[in-house]
Amino acid sequence: MQLLQALRVLGIEPLTALACVCFALGLWLLLPSTTARGKAFGLIFTTISLGLFATNLHLLSDWVSDAVFYVMASVTLVSAVGAVTMRSPVYCAIWFALTLLGTAGLFFFQGAQFLGVATVVVYAGAILVTMLFVLMLCNPEGHSLYDRVSWEAGISAGTGALLVFLLTWTTATTVFVDNTAFTDKTPAKDSKEPAPIVLTATAEQQNKNILAPRHVEKLGGELFSKYLIGVETAGTLLLVALVGAVAIIAHGKHAEAQAAAVRTSDGMTSGLNEEGRRNA
Amino acid sequence: MLAISIEALVKIALLMGGLMTGAAYFVLLERWIAAWVQDRKGPNRVGIPLTKIKLFGLGQPLADGLKFIFKEEATPGHVDKILFTLAPISILSAALAIFAVIPFGSVLPASFSEMIPGLDHQVELLVAPGIDIGMIYIFALSSIAVYGVILGGWASNNKYSLLGGLRSSAQLIAYELPMGLAIVGVVLTAGSLRLEDVIGLQASTGTWNAFAQPIGFLVFVVAAFAEAARLPFDLPEAEQELIGGYHTEYAGMRLIVYLIAEFLHMITASFLIVILFLGGWHFWGITGSENANITWFEAIARIVVLNIKIFGVIVFFMMIRWSWPRVRFDQLMSLAWKVMLPLGIVNLVAVATIVEYQKSLEGKLGGPWGVTAAMWGVSLLAWIAAGVLAPLHSDNSAQKDSFVLSAEARNRGVRPGVTTSI
Numbered sequence: 001m002q003l004l005q006a007l008r009v010l011g012i013e014p015l016t017a018l019a020c021v022c023f024a025l026g027l028w029l030l031l032p033s034t035t036a037r038g039k040a041f042g043l044i045f046t047t048i049s050l051g052l053f054a055t056n057l058h059l060l061s062d063w064v065s066d067a068v069f070y071v072m073a074s075v076t077l078v079s080a081v082g083a084v085t086m087r088s089p090v091y092c093a094i095w096f097a098l099t100l101l102g103t104a105g106l107f108f109f110q111g112a113q114f115l116g117v118a119t120v121v122v123y124a125g126a127i128l129v130t131m132l133f134v135l136m137l138c139n140p141e142g143h144s145l146y147d148r149v150s151w152e153a154g155i156s157a158g159t160g161a162l163l164v165f166l167l168t169w170t171t172a173t174t175v176f177v178d179n180t181a182f183t184d185k186t187p188a189k190d191s192k193e194p195a196p197i198v199l200t201a202t203a204e205q206q207n208k209n210i211l212a213p214r215h216v217e218k219l220g221g222e223l224f225s226k227y228l229i230g231v232e233t234a235g236t237l238l239l240v241a242l243v244g245a246v247a248i249i250a251h252g253k254h255a256e257a258q259a260a261a262v263r264t265s266d267g268m269t270s271g272l273n274e275e276g277r278r279n280a
Numbered sequence: 281m282l283a284i285s286i287e288a289l290v291k292i293a294l295l296m297g298g299l300m301t302g303a304a305y306f307v308l309l310e311r312w313i314a315a316w317v318q319d320r321k322g323p324n325r326v327g328i329p330l331t332k333i334k335l336f337g338l339g340q341p342l343a344d345g346l347k348f349i350f351k352e353e354a355t356p357g358h359v360d361k362i363l364f365t366l367a368p369i370s371i372l373s374a375a376l377a378i379f380a381v382i383p384f385g386s387v388l389p390a391s392f393s394e395m396i397p398g399l400d401h402q403v404e405l406l407v408a409p410g411i412d413i414g415m416i417y418i419f420a421l422s423s424i425a426v427y428g429v430i431l432g433g434w435a436s437n438n439k440y441s442l443l444g445g446l447r448s449s450a451q452l453i454a455y456e457l458p459m460g461l462a463i464v465g466v467v468l469t470a471g472s473l474r475l476e477d478v479i480g481l482q483a484s485t486g487t488w489n490a491f492a493q494p495i496g497f498l499v500f501v502v503a504a505f506a507e508a509a510r511l512p513f514d515l516p517e518a519e520q521e522l523i524g525g526y527h528t529e530y531a532g533m534r535l536i537v538y539l540i541a542e543f544l545h546m547i548t549a550s551f552l553i554v555i556l557f558l559g560g561w562h563f564w565g566i567t568g569s570e571n572a573n574i575t576w577f578e579a580i581a582r583i584v585v586l587n588i589k590i591f592g593v594i595v596f597f598m599m600i601r602w603s604w605p606r607v608r609f610d611q612l613m614s615l616a617w618k619v620m621l622p623l624g625i626v627n628l629v630a631v632a633t634i635v636e637y638q639k640s641l642e643g644k645l646g647g648p649w650g651v652t653a654a655m656w657g658v659s660l661l662a663w664i665a666a667g668v669l670a671p672l673h674s675d676n677s678a679q680k681d682s683f684v685l686s687a688e689a690r691n692r693g694v695r696p697g698v699t700t701s702i
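These protein sequence lines map, in sequence, to chains A and B.
Just so we're aligned, residue 1 is where the first sequence starts under the working numbering, counting upward by one.
Just so we're aligned, residue 281 is where the second sequence starts under the working numbering, counting upward by one.
What follows is the structure, given as structure tokens:
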């Protein structure tokens with residue numbers, strides 16, 4: 001009882017806290033280990049925590065949006081759990097690809113078409129394919145034990161759950177209000193409650209920017225005017241990384257050639273050298 | 281709401297039916313063309329069953345389909361069962377989903393919408409109109425298609441399949457860059473990522489992008505061949521080297537799913553070549569360029585023109601297949617990175633310059649024709665430079681040791697390529 005009251009004072013929903021505990025427990029059970037920890041229980045616990053998180057959410061305007069959102073969100077979360085708990089790295093990569101597709105779907109759902117597609121192109125299409133390219137060269141059965149289990153599963157599961165908890169707590173204590181509604185209902189000055197933090201754009205702003213039929217043009221304009229320095233810095237960073245990679249390869253080749261030359265000359269004793277010359 | 285859903289479903293049904301039938305009959309066409317090129321008869325027997333009517337062999341695709349359905353779905357014991365099944369599914373769904381943003385005509389006249397109750401807008405012949413990022417969407421899905429190939433190759437647990445998968449992923453990653461650069465040139469002139477806008481601009485100016493950006497067109501066609509893994513770039517499945525590449529272990533329906541997906545990639549590539557560079561549904565004097573007051577004749581003419589162009593490009597794909605030898609893998613890679621990528625960059629810079637200074641340039645160079653002539657000049661120069669500077673791709677001599685010995689080592693009598701053993 002006292003615990004519940006303490007949670008209420010902090011603004012924490014008891015259900016959320018329970019969900020996080022279940023999540024940590026389930027994740028710990030699901031992570032690959034040396035002993036059979038009971039994957040079925042892990043699945044049950046993670047499902048329960050997913051359901052508890054879902055109870056905290058509000059229903060959207062109509063059932064179609066609800067269905068789309070809940071399907072996308074569950075795909076994202078379930079595949080994210082799959083991505084960290086699979087034993088074979090190739091399966092991890094596939095689950096991660098599914099996570100990215102779910103995230104892209106959520107972006108699409110919010111009207112951010114460019115972000116959604118860019119997520120797929122950049123992460124699923126480029127980065128993950130390159131990772132798979134490397135992973136394909138390793139045989140899952142050939143791995144030694146220490147490669148196939150996750151070490152310190154308890155700490156990692158706990159940290160993950162703590163992170164989720166903090167994020168949920170922050171979003172739950174932040175009051176999302178529409179700007180227009182906010183201006184209509186100015187809070188009384190003497191009230192002790194803190195002023196709500198406004199994070200959402202107004203319907204008017206949304207229609208003008210993200211839901212506009214030509215929103216990619218607007219996005220490009222913003223990126224190359226207001227955020228030009230950021231874009232250029234990111235580009236330069238990538239260029240630096242690229243130059244670094246080329247430099248490492250070039251240096252490696254040079255050193256290899258030198259080593260090979262030294263090896264060959266060492267291998268040839270003077271007599272052999274003479275013989276080689278005579279043969280040539 | 282209901283009318284819109286039904287409209288979308290009808291379009292999807294039309295497109296799926298058309299694509300599947302098209303893919304089946306293009307296989308037949310490919311076999312006919314192969315037979316014609318090799319001076320033999322090709323499939324010409326299957327007609328109506330239980331009769332003697334042959335119908336030029338038009339029943340062949342149906343017979344092939346039935347054969348595939350009744351084939352045993354053999355799964356080798358050493359494969360990864362889940363990924364083995366998932367791989368063909370992912371490649372086919374990605375190949376089909378691309379068509380959501382590809383227009384298969386223009387618009388229907390307003391009189392059609394008036395006939396159907398509940399439709400309050402002109403019907404666009406495009407499954408998902410109003411998506412502002414059509415071209416990036418195509419890119420995203422074609423990068424998802426790589427998964428099918430990589431996973432199929434890995435899950436088969438077979439060296440030929442693995443090599444096919446590796447080759448395929450390297451090839452697709454390499455050719456996505458020149459393809460992207462060629463597309464960016466088109467996007468710059470159209471000022472939009474929507475395919476229908478790209479066609480609209482070409483129709484209103486009457487200049488197809490292939491004329492205005494010849495080098496971009498060339499780069500795009502070569503990259504499209506490589507992305508569709510057609511000869512001369514069919515290294516992922518080179519029968520003589522890798523048996524079948526990533527689908528060596530597949531049989532029955534899973535194999536046909538792979539084959540259909542491959543054919544769909546070729547059809548997608550043809551659609552993109554036609555839409556981005558060959559004017560889409562536009563043809564001078566027949567199709568008009570207005571969307572609002574379109575007549576039935578124009579609407580149907582646009583669909584027919586688009587389909588004839590696509591058919592022509594597909595026949596071109598097939599003729600290339602039977603007339604060009606396969607390139608070697610190092611030739612493929614050096615073509616992508618040392619020739620196509622620089623040419624794509626030249627095209628992009630030239631287009632960007634011209635778009636930026638369009639107004640002032642037209643004054644100096646004498647109208648749109650002057651601009652096009654300048655573009656051709658740049659392209660010709662880039663073409664000659666690529667020919668002079670690029671490595672010789674026909675060099676088939678044995679590879680020499682690539683490292684250079686230091687002068688000191690050479691003085692000691694060390695020669696490259698000589699292995700010494702005592």
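Ideal placement from N, C-alpha and C gives every residue a C-beta, glycine not left out.
In this structure, DSSP gives residue 352 of chain B a state outside helix and strand, which the three-state scheme calls coil. Residues of the region 408-442 of chain B with a C-beta atom less than 9 Å from some C-beta of chain A are 410, 411, 412, 413, 416, 417, 419, 420, 421, 422, 423, 424, 426, 427, 430, 431, 433, 434, 435, 437 and 442, listed in chain order. Boundaries of the alpha helix (DSSP H) around residue 16 of chain A: 14-30.
The alpha-carbon of residue 614 of chain B is positioned some 37 Å away from that of residue 222 of chain A. With respect to the 8 Å criterion, residue 412 of chain B and residue 113 of chain A are classified as neighbours on the basis of their beta carbons. Residue 623 of chain B and residue 629 of chain B have their alpha carbons spaced roughly 10 Å apart. Three or more beta-carbon pairs separated by less than 8 Å link the region 95-106 of chain A to the region 67-83 of chain A, which places the two stretches in contact. Note on the region 568-639 of chain B: whole alpha helix (DSSP H) runs with a minimum of 4 residues are 576-601, 609-614 and 621-636, in chain order. Look at residue 387 of chain B here: in three-state DSSP terms it is strand. Counting only the Cα atoms, residue 589 of chain B lies some 29 Å from residue 661 of chain B.
By DSSP's assignment, residue 517 of chain B forms no beta bridge with any residue. With a threshold of 8 Å between beta carbons, residue 473 of chain B makes contact with chain A. About 6 Å separates the beta carbons of residue 620 of chain B and residue 503 of chain B, which is inside the 8 Å limit, making them a contact pair.
Note that the region 504-518 of chain B does not touch the region 464-474 of chain B; fewer than 3 beta-carbon pairs, one per stretch, sit closer than 8 Å. One finds 133, 136 and 137 in chain A with Cβ atoms closer than 9 Å to the Cβ of residue 446 of chain B, taken in chain order. If you draw a straight line from the Cα of residue 126 of chain A to the Cα of residue 161 of chain A, it comes to about 29 Å. Judged by their CB atoms, residue 287 of chain B and residue 376 of chain B are not nearer to each other than the 8 Å cut-off. Contact between residue 436 of chain B and residue 529 of chain B is confirmed by a C-beta separation of about 4 Å, below the 8 Å threshold.
The C-beta distance from residue 444 of chain B to residue 517 of chain B rounds to 6 Å, short enough to fall under 8 Å. Each residue's CA atom was taken as its position, placing residue 370 of chain B and residue 430 of chain B some 11 Å apart. For residue 463 of chain B, there are no C-beta contacts with chain A under 7 Å, since the nearest C-beta of that chain is about 13 Å from it. Per the C-alpha coordinates, the member of B:533, B:318, B:425 and B:536 positioned closest to residue 453 of chain B is B:425. By a beta-carbon distance limit of 8 Å, residue 23 of chain A does not contact residue 55 of chain A. Their separation comes to about 14 Å. Taking a beta-carbon distance threshold of 8 Å, residue 659 of chain B does not count as an interface residue toward chain A. Residue 114 of chain A reaches chain B at 412, 413 and 416, counting residues in chain order whose Cβ is nearer than 8 Å. The C-beta of residue 449 of chain B comes closer than 8 Å to at least one C-beta of chain A. Boundaries cannot be given for residue 512 of chain B, as no alpha helix (DSSP H) includes it and DSSP labels it neither H nor E. In this structure, DSSP gives residue 529 of chain B a state outside helix and strand, which the three-state scheme calls coil. Chain A has a Cβ within less than 8 Å of the Cβ of residue 453 of chain B. Beta-bridge partners of residue 404 of chain B (DSSP): B:387. Each of B:334, B:652, B:358 and B:604 was checked against the Cα of residue 486 of chain B, and the nearest Cα belongs to B:652. With three or more CB-CB distances shorter than 8 Å, the region 482-499 of chain B counts as touching the region 542-562 of chain B. If you draw a 10 Å sphere on the C-beta of residue 350 of chain B, you find fewer than 16 other C-beta atoms in it, and that means exposed. Residue 119 of chain A places its beta carbon less than 8 Å from that of residue 100 of chain A.
Along the length of the region 317-366 of chain B, whole alpha helix (DSSP H) runs at least 4 residues long occupy 340-350, reported in chain order.
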